[in-house]
Amino acid sequence: VSPVGSHKPNTAVPQAYYNKEAGTKKITTETGAGQWGCSLAFAGQHFGIPVEVYQVKVSYEQKPYRRALMETYGAACYPSPSTRTEVGKSILKKSPDSPGSLGIAI
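Residue numbers for the sequence shown follow the working numbering, so the first one is 393 and each next one is one higher.
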């Protein structure tokens, strides 16, 4: 059993590899429940690329073990919407209790 999921590493590993080959310095991504974020964090750690993950806020709060796994693999994980982005700030200004969505995280 893979802690990062059964099939998501099949695309996360090549994405991290090709980004490394292209000279990418950091990968930023989104995740809903956290499986994709965990997979890309795993792959980023393997290839030495920092990973930043924006996770749907409701999942970020309800699934701290996913966040912990991403952080264990070296990723920085933030709730979405977030005060780290202009769009996030705008959404939170209108709706401070926004649970987030995959569309916002993207």
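Just so it is clear, CB atoms sit at the ideal spot from N, CA and C, and this is done for glycine as well.
Handout entry: Nearest-angstrom Cα separation, counted from Gly424 out to Val445
Key = 10 Å
Practice task
Leaving out five residues on either side along the sequence, give the residues of the same chain with a beta carbon under 8 Å from the beta carbon of Leu494.
Solution key: Glu422, Gly424, Val448
Exercise for the section: State the Cα-Cα distance for the pair Ala435 and Thr477, rounded to the nearest angstrom. Expected result: 25 Å
Exercise for the section: Could you pull out every residue in the same chain whose Cβ sits closer than 8 Å to the Cβ of Pro496, ignoring the five residues on either side in sequence? Expected result: Looking at the sequence provided, one finds Ile at residue 496 rather than Pro. Same-chain partners within the cutoff: Val448, Ser472, Pro473, Val479, Gly480, Ile483, Ser490.
Exercise for the section: Check the Cβ-Cβ distances between Phe434 and every residue of chain D, and say whether any is below 8 Å. Expected result: Judged by its chain identifiers, the structure shown contains no chain D, having just a single protein chain.
Problem - Gln454, buried or exposed, once every other Cβ within 10 Å from all chains shown has been counted against 16 - result: exposed
Handout entry: Val405 - DSSP class collapsed to helix/strand/coil
Key = helix
Handout entry: Reduced DSSP secondary structure (H/G/I, E/B, other) of Thr464
Key = helix
Exercise for the section: Identify the continuous beta strand (DSSP E) that holds Ile419 and give its terminal residues. Expected result: 419-423
Handout entry: Where Lys400 falls, given that 16 or more other Cβ within 10 Å makes a residue buried
Key = buried
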